[in-house]
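Step one of this worksheet: look at the structure below.
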Amino acid sequence: MSTPETPGMPESAVGSENVVDRRGFLRGLAAASAVATVGDAVSPAFGQQASGAGTAKPAVRRYPIDEPVGMLYDATKCIGCKTCVVACHEANDLPPDTRRDPRYDAPLDLNDYTKNIIKLYRAEDGETTSFIKAQCMHCVDPACAAACMIGALQKREHGIVTWDPNRCIGCRYCQVACPYNVPKFEWDSATPKIVKCELCNHLLADGGQPACCRVCPTHAVIFGSGEELLAEAKRRIAEHPDRYEPKVYGEHDGGGTQVLYLSKKGIPFEKLGLPALSEEPVPERARTIQHSIYQGAIAPTVLYGLVLAGVWRSRRSGAKDSALEQEDSE
Ligand code: SF4
Ligand code: SF4
Ligand code: SF4
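At position 103 of the sequence shown the residue is numbered 1576 (our numbering), and the sequence of numbers has no breaks.
Written out as structure tokens, the structure is:
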């Protein structure tokens, strides 16, 4: 089975110091391509979000704090311009990932510098292709949060799954639990943290929207309430059954996700890297397994106790050491 790969870079080598120029180039290219390739407008419900290459003022719309919000990614509209990847870096203050090649900001997958990635799927016939966007799915019942016994990862306002640096102890259980392989760990950092999309929640307070949705020139990814997005996805399938796979990925998969997907007719979601999950919430399975293996979660609780005790002891001895240093210097 072919797996999604990262789309190729522009042929001209662009130095990292010219990253602004490249961004401008990508946006211009994306806007030009959008005019040529996008036939259908988005539905009236999302009309205001059409922001033409990110230049028009985005719609100001505030959602009640308890209303779930999310994104709808439509693979039939994506042109692979990666404007959303650049915008995500900018909005989240993430450095360009030039670790593979100093000339390019070209991550191959989600990583500690990259909360959002666009990949290319190419079928075995070599001709059928589709782009696919990956970021946190903001699961309705998130396995990462269920695995995090300290509560560092939780569903918070608008149902967005966010990470609390003050609680995280770096155990990385969330990485193992996530069925979409989303949370990444800063291996290179002396004070590592977990990195994942938080739906640009820092931009939502004033009626803004996630950076990737704001800049997408073809509206391949749009922002809205969960209800609106699902209705929009179903409307598109009903209007163009010849264009879409007859399913909205995320409506029920793994208990449901707040990020929804539409795929091109003939390209099953699994080919795009979206796992086939039952409707049962993923944490339910994990809880059942954990219960049978650990007989009521005694073992993980003990393990967490030991980890916490270790952290507490090392902090205490660190505090003692610094106190000693202060005494010596007096
Ligand atoms: S989602 Fe939009 S911005 Fe991102 S690559 Fe696709 S078309 Fe470009
Ligand atoms: S996709 Fe993974 S990291 Fe995101 S909410 Fe779901 S389980 Fe958590
Ligand atoms: S919502 Fe924000 S953090 Fe998430 S993928 Fe889009 S731009 Fe990146």
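Note that beta-carbon positions come from the ideal geometry of N, C-alpha and C, so glycine has one too. Model, not experiment: these values are computed from the prediction.
| field | Option in Cys-1685, Asn-1584, His-1631, Ile-1740 with minimal Cα separation from Val-1559 | value | Cys-1685
| query | On the three-state DSSP scale, how would you describe His-1557? | reply | Residue identity check: residue 1557 is Cys in the sequence provided, not His. Helix, per DSSP.
| field | Under 6 Å, CB to nearest heavy atom of ligand 2: contacting residues | value | Cys-1609, Met-1610, His-1611, Cys-1612, Pro-1615, Ala-1616, Cys-1617, Val-1634, Cys-1651, Tyr-1653, Val-1655, Pro-1656, Lys-1669
| message | So, for His-1562: in the same chain, excluding its five sequence neighbours on each side, which residues have a beta-carbon less than 7 Å away from its beta-carbon? | response | Pro-1569
| query | Who are the near neighbours of Asp-1715 in its chain, counting only those whose CB is closer than 8 Å to its CB and skipping five residues on each side? | reply | Lys-1738
| Hey, quick one: how far does the alpha helix (DSSP H) through Lys-1707 stretch, first residue to last? | 1699 to 1712
| request: Select from Ala-1620, Arg-1573, Ala-1663, Val-1634 the residue whose C-alpha is nearest the C-alpha of Cys-1644. | output: Ala-1620
| Since Cys-1612 and Gly-1727 are thought to touch, with beta carbons under 8 Å apart, how far apart are those beta carbons, to the nearest angstrom? | 6 Å
| request: Can you list the residues near ligand 1, meaning Cβ strictly closer than 7 Å to any non-hydrogen atom, in the order they appear in the chain? | output: Ala-1503, Tyr-1546, Lys-1550, Cys-1551, Ile-1552, Gly-1553, Cys-1554, Lys-1555, Thr-1556, Cys-1557, Val-1558, Ile-1591, Phe-1604, Lys-1606, Cys-1685, Val-1688, Cys-1689, Pro-1690, Thr-1691, Ala-1693, Val-1694
| task | Leaving out five residues on either side along the sequence, give the residues of the same chain with a beta carbon under 6 Å from the beta carbon of Ala-1693. | result | Asp-1547, Lys-1550, Cys-1551
| From what residue to what residue does the alpha helix (DSSP H) around Tyr-1546 run? | Tyr-1546 -> not in any alpha helix (DSSP H); beta strand (DSSP E) instead, spanning 1542 to 1547.
| request: Have a look at Tyr-1594 and Leu-1735 and give me their C-alpha separation to the nearest angstrom. | output: 14 Å
| request: Assign Asn-1639 to buried or exposed, taking buried as 16 or more other Cβ atoms, counted over all protein chains shown, within 10 Å of its Cβ. | output: exposed
| task | Alpha carbon to alpha carbon, how far is Ile-1710 from Arg-1573? Give it in angstroms, no decimals. | result | 39 Å
| Does DSSP put Lys-1606 in a helix, a strand or coil? | strand
| Quick one: what's got a C-beta closer than 6 Å to Val-1755's C-beta in the same chain, skipping five residues either side? | Ala-1616, Pro-1652, Gly-1727
| Beta-carbon proximity list for Asp-1614, same chain, < 6 Å, skipping 5 on both sides | Gly-1728, Pro-1754, Pro-1756
| field | Residue ranges of each alpha helix (DSSP H) within the region 1590 to 1635, 4 or longer | value | 1616 to 1620
| Can we count Asn-1639 as close to ligand 3, meaning its CB is less than 8 Å from some heavy atom? | no
| message | Quick test of your reading: Val-1649 and Glu-1659, contact by CB under 8 Å. State the CB separation rounded to the nearest angstrom. | response | Not a contact, Cβ separation roughly 17 Å.
| On the three-state DSSP scale, how would you describe Asn-1584? | strand
| Is Glu-1712 near ligand 3, with its Cβ less than 8 Å from a heavy atom? | no
| task | Please determine, among Glu-1743, Thr-1635, Arg-1708, the residue with the shortest C-alpha to C-alpha distance to Ser-1603. | result | Glu-1743
| said: Once the 5 residues before and after Thr-1730 are set aside, which same chain residues still bring their CB inside 7 Å of it? | reply: Met-1610, His-1611, Cys-1612, Val-1613, Gly-1723
| query | Any heavy atom of ligand 3 closer than 8 Å to the CB of Pro-1683? | reply | yes
| task | Going by CA-CA distance only, name the one from Thr-1571, Val-1688, Glu-1630 that's closest to Ala-1564. | result | Val-1688
| said: Can you give me the C-alpha to C-alpha distance between Ala-1618 and Leu-1626, rounded to a whole angstrom? | reply: 5 Å
| said: Assuming Tyr-1646 is part of the beta strand (DSSP E), what are its boundary residues? | reply: Where Tyr-1646 is concerned, there is no enclosing beta strand (DSSP E), although the alpha helix (DSSP H) it sits in stretches over 1646 to 1650.
| query | Around the C-beta of Pro-1683, are 16 or more other C-beta atoms found within 10 angstroms, so that it is buried, or is it exposed? | reply | buried
| query | So, are the CB atoms of Asn-1809 and Cys-1647 less than 9 Å apart? | reply | Lying before the first or after the last residue shown, residue 1809 is absent from the chain, which here runs from 1474 to 1803.
| Is the CB-CB distance between Leu-1545 and Glu-1718 below 9 Å? | no
| task | Figure out for me which residue from Tyr-1586, Arg-1576, Leu-1747 has the closest Cα to the Cα of Pro-1665. | result | Tyr-1586
| request: Answer with buried or exposed for Ile-1740, where buried requires no fewer than 16 other C-beta atoms within 10 angstroms of its C-beta. | output: buried
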